[in-house]
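Asker: Quick one: the structure is below, questions incoming.
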Amino acid sequence: MNRSSHRCALSALLLTLSLPLTSGCASNSQKTSAEDMRTLPGRFAEEPVTKPITAVEAFIGPTEFYISYKGENSLVHSGGNWSNKIDLTGVGQGPEHEYAGPYILPLEYQQRARWAELPETPIVPRILGSKYWNRFIDMVFESVLPKTAMTGIVMHFGEDDYFLYYNDINNFEARLITDKPENYVVAETIDFAEFNRRAQPVMDEFLQQEGVEDRRLVFSTGDAGAYSLPFVYVDRDIPLGIFVRYSPAPREGPVASKGAQIAQSAGHVAQSHFGGLFSRPVSSVLRLLFVAKDAAVETVRPSWLVTLESKPIPALNDGPGMDLDDWERQLDQLTGRSATRGTMDYLVDGEEFFVRFIDAISTAKKTVDIRTYIFDNDDFAEKIGRLLRRRADEGIDIRVLLDGLGTIVATGADDVSLPQHYEAPESVRLFLENDSSIAVRQSRNPWLVAGDHVKTTVIDGQVAFAGGMNIGREYRFVWHDLMMELGGPIVDELNNEFNKAWAHAGMLGDAGYVLQRLKPNPKIAEDLGYPLRVLYTRPAVSEIFNAQRAAIRNARKYIYIQNAYLTDDAMLYELAKARRRGVDVRVILPLVGNHGPINKSNALAANAMLEHGIRVFVYPGMSHVKAAVFDGWACLGSANWDKLSFRTNKELNIATSHPADVDELFERVFDPDFAKSVELTEPFPERWSDHLAEVVADYLL
Numbered sequence: 087m088n089r090s091s092h093r094c095a096l097s098a099l100l101l102t103l104s105l106p107l108t109s110g111c112a113s114n115s116q117k118t119s120a121e122d123m124r125t126l127p128g129r130f131a132e133e134p135v136t137k138p139i140t141a142v143e144a145f146i147g148p149t150e151f152y153i154s155y156k157g158e159n160s161l162v163h164s165g166g167n168w169s170n171k172i173d174l175t176g177v178g179q180g181p182e183h184e185y186a187g188p189y190i191l192p193l194e195y196q197q198r199a200r201w202a203e204l205p206e207t208p209i210v211p212r213i214l215g216s217k218y219w220n221r222f223i224d225m226v227f228e229s230v231l232p233k234t235a236m237t238g239i240v241m242h243f244g245e246d247d248y249f250l251y252y253n254d255i256n257n258f259e260a261r262l263i264t265d266k267p268e269n270y271v272v273a274e275t276i277d278f279a280e281f282n283r284r285a286q287p288v289m290d291e292f293l294q295q296e297g298v299e300d301r302r303l304v305f306s307t308g309d310a311g312a313y314s315l316p317f318v319y320v321d322r323d324i325p326l327g328i329f330v331r332y333s334p335a336p337r338e339g340p341v342a343s344k345g346a347q348i349a350q351s352a353g354h355v356a357q358s359h360f361g362g363l364f365s366r367p368v369s370s371v372l373r374l375l376f377v378a379k380d381a382a383v384e385t386v387r388p389s390w391l392v393t394l395e396s397k398p399i400p401a402l403n404d405g406p407g408m409d410l411d412d413w414e415r416q417l418d419q420l421t422g423r424s425a426t427r428g429t430m431d432y433l434v435d436g437e438e439f440f441v442r443f444i445d446a447i448s449t450a451k452k453t454v455d456i457r458t459y460i461f462d463n464d465d466f467a468e469k470i471g472r473l474l475r476r477r478a479d480e481g482i483d484i485r486v487l488l489d490g491l492g493t494i495v496a497t498g499a500d501d502v503s504l505p506q507h508y509e510a511p512e513s514v515r516l517f518l519e520n521d522s523s524i525a526v527r528q529s530r531n532p533w534l535v536a537g538d539h540v541k542t543t544v545i546d547g548q549v550a551f552a553g554g555m556n557i558g559r560e561y562r563f564v565w566h567d568l569m570m571e572l573g574g575p576i577v578d579e580l581n582n583e584f585n586k587a588w589a590h591a592g593m594l595g596d597a598g599y600v601l602q603r604l605k606p607n608p609k610i611a612e613d614l615g616y617p618l619r620v621l622y623t624r625p626a627v628s629e630i631f632n633a634q635r636a637a638i639r640n641a642r643k644y645i646y647i648q649n650a651y652l653t654d655d656a657m658l659y660e661l662a663k664a665r666r667r668g669v670d671v672r673v674i675l676p677l678v679g680n681h682g683p684i685n686k687s688n689a690l691a692a693n694a695m696l697e698h699g700i701r702v703f704v705y706p707g708m709s710h711v712k713a714a715v716f717d718g719w720a721c722l723g724s725a726n727w728d729k730l731s732f733r734t735n736k737e738l739n740i741a742t743s744h745p746a747d748v749d750e751l752f753e754r755v756f757d758p759d760f761a762k763s764v765e766l767t768e769p770f771p772e773r774w775s776d777h778l779a780e781v782v783a784d785y786l787l
């Protein structure tokens, strides 16, 4: 979509709209045959320039809507079903100026033949052209946008985020956030409802000035091209946002298929084992030895929790928590290094994180280095990919490090929220690399149980992101999750860690990793902040497990944990022992997980914790947050509470006892999540198959 097209599309966000129920009609509209309903040539293609279209007439029936417009060569008749996408129940019953939506209706067909049949008593709205629309949006944005130069606002609209601003010649512009000019600053982020509340008085004033008294209107916005919003239906009596959108353009090039996924998986497995063993013999054998050792120890170890059943569950301690200064000194000894310094800001959920993430990429000056377990092939991940391709074309040095098996498996499973008829690219790697200067590498997965589960991004060596979010639509729109924005010297450590992982994923493998370690670590980031500590899991290194186990043993007052995958028996034992010492232990688990066996294993873990006096809270939906606080020491990042994250995968957590950061973690995450969750008071039902699933989860997931 071109720049003027974006301007028109965003203006469509401002109206309060409605599609009221109508009286019955003679029959449902009869569409013509598929051959007669061919799409107009070029209309759905993502061309650099497409001509705006103008509505001629419109009709609203009890289930269908009908719009005719002037096409490039002739009159076109289009429409679709609204009743299966919009529920009018309760619309108009809320407080004044409180609006539902936004809703978007696709044009389901386009044909040259006029509709065979229309409703007997349709709503016939008044048609207003794009000149009206442009005058209206000029008034709206003048009243809403900041007047400070080089600033704008981000507005969430459905599944799109738009950046609204005045350009350098003081003309309003609206772009997808992925197209935000690099020299502009985001001053505010608002949702559609808030934008509508601000715009409503302006709309009333505008229509009064124009002498428009009709209650039902159709605007032609002037928007054009794929994903555009060329029409807006307005009912001034019932507030409901409804926009009409072109269908997306068909994908050019290979699209994803099950066969392609199988082929990619087989190829990656072969490379991980044959080529991987040749170039990474030391790390591959180390991983195998540690997996085998852990499995053998766990197989012969008795059930630890049984040994605690004879001990009473005491009242909670009233005294102070552990000495944090002494605890930090213990961590220095445990890790063999002191904490670094830096700053940390929490980004809770996808809406908050990805707006900031996209903004940071859009303003990058030199480099963007992304390390992620999953770079999905859904519609949202594709938008991120297109942003990276654009920035690479603009001269930014971009490197993307993917976990091979994690990405291949994820791209073979569609999220339930994926838009209908979306065609995914066949290969994420090829999509990023083809006709682009982006450098992409895939981490190998020896023995199929070792993955690079780290999620970090370093931009210009000055700003870093770390946490639990991969790149995909469920992380942006569906799941509850947490990321951190980091500044200061800790960014240098994450930058160095990325460079080592990048070298290890290259052709030289273990040798490349050693050579990278021998290089001096550049100090690029600004020297500021307070003590922060990076903890790792990697071959022969289990810092995240050891540090949190030691924290449990040292805790005297409280332990709060939120994690979706709590399957490690050793940690359950330590938590049960802590509760027997009078420590207040609370755990948040999600009601819904993304792995069935994990759900069953979590149910058994919840029952065991409940039996030993630990308070268990069930979060409504999927929470992918990985955070814990022990008497004022916080540890959060990519690591789950399972054997893979504690002993086998590559993982990265950030830890701190800085009081302000710990307090904010409570305020932003734990306090609201405890409030949203339901405390478990009775154990979950158990079946023999759940115990079998627990064994699988312990060793494989």
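Remember, my numbering sits 86 above the position in the sequence shown when you count from 1. Don't be surprised by glycine CBs; every beta carbon is placed ideally from N, CA and C.
Please give me, in chain order, every unbroken run of the alpha helix (DSSP H) with length at least 4 that falls completely inside the region 544 to 608.
Answerer: Complete alpha helix (DSSP H) runs here, min 4: 576 to 590 and 596 to 604.
Asker: Which term fits N159, buried or exposed, when burial requires 16 or more other beta carbons within 10 angstroms of its beta carbon?
Answerer: In the sequence shown, the residue the question calls residue 159 occupies position 73. N159 should be labelled exposed.
Asker: Could you give the DSSP three-state label for Y459: helix, strand or coil?
Answerer: Numbered from 1 along the sequence shown, position 373 holds the residue referred to as residue 459. Correct three-state label for Y459: coil.
Asker: Between the C-alpha atoms of I638 and G699, what's the straight-line distance to the nearest angstrom?
Answerer: Here residue 638 is taken as the residue at index 552 of the sequence shown, counted from 1. Here residue 699 is taken as the residue at index 613 of the sequence shown, counted from 1. Answer to the nearest angstrom: the Cα atoms are 15 Å apart.
Asker: Under 8 Å between the Cβ atoms of L491 and G537?
Answerer: Within the sequence shown, the letter at position 405 stands for residue 491. Within the sequence shown, the letter at position 451 stands for residue 537. Yes. Within cutoff.
Asker: Hey, could you find the ends of the alpha helix (DSSP H) G490 is sitting in?
Answerer: Position 404 of the sequence shown, counting from 1, holds the residue named residue 490. That run of the alpha helix (DSSP H) goes G490 to T497.
Asker: Helix, strand or coil for F770? Go by DSSP, reduced to three states.
Answerer: Position 684 of the sequence shown, counted from the start, is the residue given in the question as residue 770. Coil, per DSSP.
Asker: Taking D397 as the reference, which of A662, D277, N685 and G707 has the closest Cα?
Answerer: Sequence index remark: in the sequence shown, residue 397 carries index 311 (1-based). One point to set straight first is that residue 397 is Lys, not Asp, in the sequence displayed. Checking every option, the nearest Cα to that of K397 belongs to A662.
Asker: Does N556 pass the burial test, meaning 16 or more other C-beta atoms within 10 Å, or should it be called exposed?
Answerer: Counting from 1 along the sequence shown, the entry for residue 556 is found at position 470. Buried is the call here.
Asker: Got a sec? Which residues, its chain only, sit under 7 Å from T458 by beta carbon, not counting five neighbours each side?
Answerer: Within the sequence shown, residue 458 is the residue found at index 372, counting from 1. These residues qualify, in order along the chain: L488, K541, N556 and I557.
Asker: Pull up the distance between the alpha-carbon of P148 and that of E206, whole angstroms please.
Answerer: Taking the sequence shown and counting its residues from 1, one reaches residue 148 at position 62. Taking the sequence shown and counting its residues from 1, one reaches residue 206 at position 120. Cα to Cα, P148 sits roughly 10 Å from E206.
Asker: I need the DSSP call for P287, collapsed to helix, strand or coil.
Answerer: Walking along the sequence shown from the start, residue 287 turns up at place 201. DSSP places P287 in helix when its eight states are reduced to three.
Asker: In whole angstroms, what separates the C-alpha of P106 from that of D321?
Answerer: Taking the sequence shown and counting its residues from 1, the one referred to as residue 106 is at position 20. Taking the sequence shown and counting its residues from 1, the one referred to as residue 321 is at position 235. In this prediction, P106 scores a pLDDT of 35, lower than 50, which makes its location untrustworthy; no coordinate-derived value is stated.
Asker: My assumption, with CB atoms under 8 Å, is that G668 sits in contact with P406. Please give the rounded CB distance.
Answerer: Within the sequence shown, residue 668 is the residue found at index 582, counting from 1. Within the sequence shown, residue 406 is the residue found at index 320, counting from 1. Going by Cβ atoms, the distance from G668 to P406 rounds to 13 Å, so no, they are not a contact pair.
Asker: Count the other C-beta atoms from every protein chain shown that fall within 10 angstroms of the C-beta of L604, then say buried if there are 16 or more, exposed otherwise.
Answerer: As a first step, residue 604 must be located in the sequence shown, where it is residue number 518. Answer is exposed; the Cβ neighbour count stays below 16.
Asker: Assign P511 to one of two classes, buried (16 or more other C-beta atoms within 10 Å of its C-beta) or exposed (fewer than that).
Answerer: As a working note, residue 511 is residue 425 in the sequence shown. Buried is the call here.
Asker: With DSSP run on the structure shown, which of helix, strand or coil describes E414?
Answerer: Position 328 of the sequence shown, counted from the start, is the residue given in the question as residue 414. Looking at E414 - three-state DSSP - the assignment turns out to be helix.
Asker: Mapping DSSP to helix, strand and coil, what is P617?
Answerer: The sequence position of residue 617 within the sequence shown is 531, counting from 1. Residue state, collapsed to three classes: strand.
Asker: Give the range of the beta strand (DSSP E) segment to which D173 is assigned.
Answerer: On the sequence shown, residue 173 is found 87 positions in, with the first residue counted as 1. D173 -> no beta strand (DSSP E), and no H or E assigned at all.
Asker: Hey, quick one: how far does the beta strand (DSSP E) through G723 stretch, first residue to last?
Answerer: Reading the sequence shown from its first residue, position 637 is the one you call residue 723. First-last of the beta strand (DSSP E) with G723: W719 to G723.
Asker: Relative to the C-alpha of N81, which candidate in V704, K452 and N257 has its C-alpha closest?
Answerer: Limits of the chain in this structure are 87 at one end and 787 at the other, which puts residue 81 out of reach.
Asker: Quick check: the Cα distance between V788 and T453, rounded to an integer number of angstroms?
Answerer: Outside the displayed range of the chain (87 to 787) lies residue 788, so it cannot be described from this structure.
Asker: Which one of A199, M241 and D418 has the shortest CA to CA distance from L410?
Answerer: The residue given as residue 410 occupies position 324 in the sequence shown. If we check each option's Cα against that of L410, D418 comes out closest.
Asker: Excluding the 5 residues flanking Q528 on each side, which residues of the same chain have their C-beta closer than 6 Å to its C-beta?
Answerer: The residue given as residue 528 occupies position 442 in the sequence shown. So the list reads L488 and G490, once near-sequence residues are dropped.
Asker: I need the boundaries of the alpha helix (DSSP H) containing P758, first residue and last residue.
Answerer: The residue labelled residue 758 in the question sits at position 672 within the sequence shown. Unbroken alpha helix (DSSP H) run through P758: D757 to K762.
Asker: When you compare only the Cα positions, how much space is there between V673 and R701?
Answerer: To locate residue 673, count along the sequence shown from 1; it is residue 587. To locate residue 701, count along the sequence shown from 1; it is residue 615. Approximately 6 Å, taken between the alpha carbons.
Asker: Which residues in the same chain as V230 place their Cβ atom closer than 6 Å to its Cβ, once the five residues preceding and following it in sequence are excluded?
Answerer: On the sequence shown, position 144 is the one that residue 230 refers to. Contacts found: R284.
Asker: Helix, strand or coil for R301 per DSSP?
Answerer: Here residue 301 corresponds to residue number 215 of the sequence shown, with the count starting at 1. Reduced to three states, the DSSP call for R301 is coil.
Asker: Given a threshold of 16 other Cβ atoms within 10 Å of its Cβ, counted over all protein chains shown, does S709 qualify as buried or as exposed?
Answerer: As a working note, residue 709 is residue 623 in the sequence shown. Buried.
Asker: Would you tell me roughly how many angstroms separate the C-alpha atoms of Y218 and W168, rounded to the nearest one?
Answerer: Here residue 218 refers to the residue found at position 132 when the sequence shown is read from its first residue. Here residue 168 refers to the residue found at position 82 when the sequence shown is read from its first residue. Whole-angstrom Cα-Cα distance: 25 Å.
Asker: Can you tell me whether R635 is buried or exposed, with buried defined as 16 or more other CB within 10 angstroms of its CB?
Answerer: Residue 635 sits at position 549 when you count from the first residue of the sequence shown. The residue in question, R635, is buried, as its Cβ has 16 or more Cβ neighbours within 10 Å.
Asker: Measuring straight from C-alpha to C-alpha, what distance separates G215 and A260?
Answerer: Position 129 of the sequence shown holds residue 215. Position 174 of the sequence shown holds residue 260. Between G215 and A260, the C-alpha separation is close to 20 Å.
Asker: Thinking just about the alpha-carbon of each residue, which of V748, F760, N632 and D728 is nearest to the one in G422?
Answerer: Position 336 of the sequence shown, counting from 1, holds the residue named residue 422. Of V748, F760, N632 and D728, the residue nearest in Cα terms is N632.
Asker: By the DSSP assignment, the beta strand (DSSP E) with M241 in it spans what residues?
Answerer: Here residue 241 refers to the residue found at position 155 when the sequence shown is read from its first residue. Where M241 is concerned, the enclosing beta strand (DSSP E) stretches over T237 to F243.
Asker: Could you tell me the boundaries of the beta strand (DSSP E) in which I470 lies?
Answerer: As a position in the sequence shown, residue 470 is number 384, starting the count at 1. Not the beta strand (DSSP E): I470 falls in the alpha helix (DSSP H), residues D465 to D479.
Asker: Cα-Cα, which of T623, G707 and G471 is closest to S731?
Answerer: Counting from 1 along the sequence shown, the entry for residue 731 is found at position 645. Ranking the options by Cα distance to S731, first place goes to T623.
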